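Enquirer: I have a structure here, written as structure tokens, and I will follow up with some questions on it.
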Amino acid sequence: MREFLARHTRIDRLVLFRNLTLFPDAPGQHNLVVVGERVTDPLDEDSTRPTEAAARPQVSLYVGPARPETRAPSLEAIVAGRNAPATALVRTFGSQRNAT
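So for the sequence shown, my numbering puts the first residue at 1025; every next one is plus one.
If you want it as structure tokens, here you go:
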């Protein structure tokens, strides 16, 4: 999947939920949301993304424990694309440019 995304998309944002439980009844969750845009021709199997300078996607990272009371404020901070108060435990930053 990583290779496909690298070849065919421009990634604008990554949201890594880590210990934050999104689905209370589902065990063993490790959730990552990738937001971006396909930049290749879906009808051309050999097409790859342009070699322009890589964008710096925004990354939101949940850094707290899996506690139900942190869910709502953390999701609000992630949607807003900002750091959250200490109670929400979300850190948002621009990723480092990949040296390829």
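Note that the Cβ used here is the ideal one computed from N, Cα and C, for glycine as well.
On a predicted model such as this, the values are computed, not experimentally measured, just so you know.
1. So is Phe1041 buried or exposed if we call it buried at 16+ other beta carbons inside 10 Å?
2. Give a yes or no on whether the C-beta atoms belonging to Val1083 and Phe1117 are separated by under 7 angstroms.
3. Can you pull the DSSP bridge partners for Ser1084?
4. For Asp1036, tell me which candidate among Asp1070, Glu1100 and Val1057 has the shortest Cα-Cα distance.
5. Among Gly1060, Met1025, Leu1038 and Arg1031, which one has its Cα closest to the Cα of Gln1120?
6. Count the other C-beta atoms from every protein chain shown that fall within 10 angstroms of the C-beta of Val1114, then say buried if there are 16 or more, exposed otherwise.
7. Considering only C-alpha positions, which residue in the set Val1059, Arg1026 and Leu1046 is nearest to Pro1092?
8. Taking only the alpha-carbon atoms, compute the straight-line gap between Glu1069 and Val1059 and give it to the nearest angstrom.
9. Measure the Cβ-Cβ separation of Arg1080 and Thr1033 and say whether it is below 7 angstroms.
10. Could you check whether the Cβ of Thr1045 sits closer than 7 angstroms to any Cβ belonging to chain C?
Expert: With the given structure in hand:
1. buried
2. yes
3. Val1039 and Thr1116
4. Val1057
5. Leu1038
6. buried
7. Leu1046
8. 22 angstroms
9. no
10. Absent here is chain C; the protein component of the structure consists of one chain.
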